[in-house]
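Below is one structure, written out as structure tokens, with a few remarks after it.
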Amino acid sequence: MKPSKLMAVAFVALLSQGHAESGKEGLMPAMQMTASAKGAHLSITWKNTGSTPLRVATHVFAGEKHFDWLTVTLTGRDGRARKLSFTDNRDESAPVVIDLVPGAITGETIDLDAWASRAANGARPLATGRYQATIVYDTTHETSVWAGHLEAAATVDVP
44 MKPSKLMAVA FVALLSQGHA ESGKEGLMPA MQMTASAKGA HLSITWKNTG
94 STPLRVATHV FAGEKHFDWL TVTLTGRDGR ARKLSFTDNR DESAPVVIDL
144 VPGAITGETI DLDAWASRAA NGARPLATGR YQATIVYDTT HETSVWAGHL
194 EAAATVDVP
């Protein structure tokens, strides 16, 4: 595998309508998601940009990390897109929730090629090339953690 450069980071920070931890409808504190890629490894960070602590669902542990709330759409230079999800067969699982104080950051790294090669994503490895990735984090249906929708973009170079 040849070395690759760290690609540019893009992010979108949003205020979301959703359920606060008390269960009330209202404006949720701001959270920011950023993404960057090194080869086919996508790094995602979440930052609490608000003034109150947040509970953030980052992944589900099912003997390995599954990322139930994330999807990544990879668009090649030819315009063809491929959407990846990050869940697979599991018998037991537990959501992992991180408490983020204002200004705190947490992150995860996902091997996009490994996930693309799984049956859940068509069992096809990623072709060599450059992709524009759109990363979506969607917890809008959650009630016990920060609930909202965030998007970020990154350039992914698959060796």
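Position in the sequence shown (from 1) plus 43 gives the number in this note's numbering.
A virtual CB, placed ideally from N, CA and C, is assigned to each residue, including glycine.
Quick check: what's the CA-CA separation for residue i versus residue j?
i    : j    : result
M247 : V139 : Residue 247 lies beyond the residue range present for the chain, which begins at 44 and ends at 202; the question has no answer from this structure.
L169 : L127 : 11 Å
P145 : W89  : 11 Å
D200 : G191 : 29 Å
E68  : T130 : Annotation note: pLDDT 47 at E68 (below 50); position unreliable, coordinate value reported separately. Taking the straight line joining both Cα atoms gives about 29 Å.
I87  : G122 : 24 Å
G165 : A157 : 12 Å
A163 : G82  : 22 Å
H184 : A80  : 28 Å
G106 : V99  : 20 Å
R161 : R167 : 7 Å
I141 : G93  : 15 Å
Would the beta-carbon of residue i fall within 8 Å of that of residue j?
i    : j    : result
L15  : Y174 : The requested residue 15 does not occur in the structure, where the chain is confined to residues 44 to 202.
L97  : L155 : no
T182 : W112 : yes
A159 : A78  : no
F110 : I153 : yes
G172 : R133 : no
Identify, in the order they occur along the chain, each residue of the same chain with its Cβ nearer than 7 Å to the Cβ of residue i, setting aside the five sequence neighbours on each side.
i    : result
E194 : V55, T177, I178, V179
Using C-beta distances below 8 Å, list every residue in its chain close to residue i, excluding the 5 sequence neighbours before and after it, in chain order.
i    : result
A124 : T116, L117, T118
T114 : K126, L127, S128, F129, I178, V179, D181
S65  : Note that S65 scores a pLDDT of 35, beneath 50, so its modelled location is shaky and nothing firm can be said.
Return the Cβ separation of residue i and residue j in integer angstroms, given the expectation that the two are a contact with Cβ distance under 8 Å.
i    : j    : result
S136 : V103 : 5 Å
T101 : E151 : 6 Å
Does the Cβ of residue i have 16 or more other Cβ atoms within 10 Å, making it buried, or fewer, making it exposed?
i    : result
P202 : exposed
N91  : buried
Excluding the 5 residues preceding and the 5 following residue i in the sequence, name in chain order all residues of the same chain whose CB lies nearer than 6 Å to its CB.
i    : result
K108 : H102
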